[in-house]
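Numbering (the numbering used here), first residue to last: 4 to 283.
Where is the CB? At the ideal position from N, CA and C, for every residue including glycine.
Remember, it's a predicted structure, so these values are computed and weren't measured experimentally.
Taking it in order: structure first as structure tokens, then the write-up.
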Amino acid sequence: MQIRRFIQCDVFTPVPTLGNALAVVVDGDELSEQVMQQFAAWTNLAETTFILPPLDAQADYRLKIYTPVREVLFAGHPTLGSCAAWLHCGGAPRQSDRVRQECGIGIVEIDISNPGMPAFIAPPTRVRSIQESALEAICAALEITPGQVLHTAELDNGPVFQVLLLDSAESVLALDSSRVRRPAFRSIGVLGAHPPGGECDYEVRHLAPSSGMSEDPITGSLNSALAHWLQAEGRLPRAVTVAQGTSIGRHGRVAIEPLDRRNVKIGGQTHILIEGQVAL
């Protein structure tokens with residue numbers, strides 16, 4: 004057992020304690036995967052991360068990401084939160100305005116040129132059609148009528164999401180998340196547009212997420228996949244702000260900025276709430 008630096012932070016919110024909490028073990032070297040998984044189960048947060056020395060010479064650090072039940076290859080709020088924790092604890096990137104994180108899907112770049120709004124470059128997303136039977140099951144469980152569904156897709160950027168674009172943010176917020184549970188349903192993403200002129204452009208919800216929770220507060224990987232999907236279909240002509248977590252009392256805000264035809268940035272604020280040590 005060793006004393007290691009520990010951070011607990013809140014990600015993707017301008018209001019501390021109303022975002023998505025993340026536990027970060029800053030000195031994760033030499034921990035076994037079994038111990039990492041056990042600690043992630045103990046923290047009981049959506050994700051717990053462990054920062055390790057990089058294996059890739061291009062990376063500034065390597066990240067292992069665990070839900071309470073399994074390891075995941077990539078996740079968005081652990082990426083921004085772990086980067087903030089690493090910098091807070093004295094991490095120095097090779098490039099002053101950019102951190103390169105090595106994780107299960109490879110190198111993820113994080114733009115830190117704006118200290119108040121760091122943003123990662125969204126990893127590539129594979130877009131497929133949802134199987135008709137799966138779509139029917141989702142709509143039946145959530146009582147979504149055919150007229151409410153504008154577009155659908157299955158998106159894969161490490162995690163796999165079955166997503167539905169509905170006719171409005173109001174329709175998204177009206178869904179009852181208790182009607183979908185694992186293992187019958189896995190990761191369902193729903194989004195709908197807010198009326199023009201408001202603070203946020205879209206409302207997003209992540210139902211039956213793979214972490215075992217019924218609804219994830221704010222999901223960077225889902226918003227990353229949605230951004231690539233909207234961009235590929237010509238529905239992301241400008242930067243937008245996404246609200247998430249509204250239905251469960253959170254104040255999540257995700258900034259999505261298209262860079263060119265293939266690249267998009269996913270940004271949000273992180274707040275360091277707890278700093279200390281953990282014996283692992």
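- Sorting I251, N266, R265 and Q247 by C-alpha distance to the C-alpha of V257 places Q247 at the top.
- Taking C-beta atoms as the reference points, A49 and P220 count as a pair closer than 9 Å.
- Contact check between the stretch 266 to 276 and the stretch 132 to 139: fewer than three CB pairs, one atom from each, fall below 8 Å, which does not count as touching.
- For the pair R182 and L145, the CB atoms are nearer than the 9 Å cut-off.
- Under the criterion of beta carbons closer than 8 Å, Q234 and V267 qualify as touching, at roughly 6 Å.
- Distance from the CA atom of A62 to the CA atom of P212, rounded to whole angstroms, is 29 Å.
- Residue burial annotation: D100 is exposed, with fewer than 16 other C-beta atoms found within 10 angstroms of its C-beta.
- DSSP places T51 in the uninterrupted beta strand (DSSP E) bounded by T51 to L55.
- Excluding the 5 residues flanking it on each side, G252 has same chain C-beta neighbours closer than 8 Å at L21, in chain order.
- Measuring C-alpha to C-alpha distances from H154 to each of P19, A125, L225 and E236 identifies E236 as the nearest.
- In the three-state DSSP reduction, C142 falls in the helix class (H, G or I).
- Contact between the stretch 81 to 92 and the stretch 5 to 21 is established, with three or more Cβ pairs separated by less than 8 Å.
- Distance between M4 and T249, taken at the CA atoms: about 40 Å.
- Using a Cβ-Cβ distance cut-off of 8 Å, the stretch 31 to 43 and the stretch 112 to 126 are not in contact, since fewer than three pairs of beta carbons, one from each stretch, lie closer than that value.
- For the stretch 50 to 90, the full-length beta strand (DSSP E) segments reaching 3 residues or more read 51 to 55 and 64 to 69 along the chain.
- Between the alpha carbons of T128 and G279 lies a gap of roughly 36 Å.
- If you draw a straight line from the Cα of G150 to the Cα of A177, it comes to about 15 Å.
- Judged by DSSP in its simplified three-state form, G223 adopts helix.
- Contact check for A230 against I191 fails: the beta carbons are separated by 9 Å or more.
- D114 is bridged by DSSP to R101 and A122.
- Unbroken alpha helix (DSSP H) stretches of 4 residues or longer found wholly inside the stretch 154 to 236: 172 to 176 and 223 to 235, given in chain order.
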